[in-house]
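In this note's numbering, the protein residues as written are -6 to 186.
Quick reminder that beta carbons are idealized off the backbone N, C-alpha and C, glycines included.
Working notes, structure below.
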Amino acid sequence: MASSFGKILALSKHVLLPKVNLNNMLFFSPSRSYRQIEVKEDGNVTTISGKVFEEKVTNYAQRLNQNDLCPLRSRGIHITPYDVLILNQFITSEGDILSQAETGLSRKEYFKVIACVKMAQRANMLPGSERQVDMHGTEVPKLNRYLTRYQIGSRTPIKSRGLWYRKRYFKVGDARSVRDAPRVSRKPLTDNL
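The following block contains the structure:
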């Protein structure tokens, strides 16, 4: 008996198991199951049971490219800093951004999500752990802000912008998130990003 167990151990050292990527396996099961808790009372006995049931809604965003593993790019979803319901899926409850391996996003989409989440946090649309202080270290009040690419208070306003042909502009927004976002006009993107 002991010798057969030793042979099995010796054989198991040389057995190669196939590598399985769990992220790819999750895409093959589109149905979601939930548990419903039922409480039954029979006299002095209370029975709590959980029943598994399938979700009835099946109209999810369909994949445009079945071979692409990135969930945003494969469905043609372009995010902006105002898509807080989508961005909320990529942060924790404290406002920390999840890693690229946890989200399953491609490298380009992951950096776009990081830029949009930080801009939404600085505009007070998402919870964030980053303190908002100016260059001198004093706390900046929480006001309405728009397209805050840099930290609040890290840039000082230009007092005199000068003549119209020598104006200096601040870079507003993030070029990565704007480049692929849907646009209303055919006007080309400016250098002010």
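Which term fits threonine 134, buried or exposed, when burial requires 16 or more other beta carbons within 10 angstroms of its beta carbon?
-> The question names threonine, but residue 134 is proline in the sequence shown. Result: exposed.
Would you be able to state if there are at least three C-beta pairs under 8 Å between the region 66 to 75 and the region 32 to 48?
-> no
Option in His129, Tyr27, Val106, Leu119 with minimal Cα separation from glutamate 87 = Leu119
When DSSP builds the beta bridges, which residues end up paired with phenylalanine 46?
-> Tyr27
Is lysine 105 closer than 8 Å to serine 178 when the C-beta atoms are compared?
-> no
Proximity below 8 Å, CB of cysteine 109 to CB of threonine 73 = yes
Buried or exposed for leucine 10, please, with buried defined as at least 16 other CB atoms from any protein chain shown within 10 angstroms of its CB.
-> Here leucine 10 scores only 45 on pLDDT, less than 50, and its place in the model should not be relied on; the value that follows carries that caveat. Result: exposed.
Status (buried if at least 16 other CB within 10 Å, exposed otherwise) for arginine 172 | exposed
Measuring CB to CB, does cysteine 63 end up less than 8 Å from leucine 98?
-> yes
Identity of the residue in Lys101, Glu48, Ile30, Tyr53 nearest isoleucine 41 by Cα = Ile30
If we ignore side chains and look at the alpha-carbon of each, how far apart do methionine 112 and histidine 129 end up?
-> 21 Å
So what's threonine 131 in DSSP terms, helix, strand or just coil?
-> coil
What distance in whole Å lies between the Cβ atoms of arginine 28 and valine 45, which are believed to be in contact at a cut-off of 8 Å?
-> 6 Å
Tell me whether valine 177 sits in a helix, a strand or coil according to DSSP, three-state version.
-> coil
For lysine 33, which beta-bridge partners are listed by DSSP?
-> Thr40
Simplified DSSP assignment, three categories, for isoleucine 90 = strand
In the DSSP assignment, find the unbroken alpha helix (DSSP H) run with arginine 100 in it and report its ends.
-> 100 to 115
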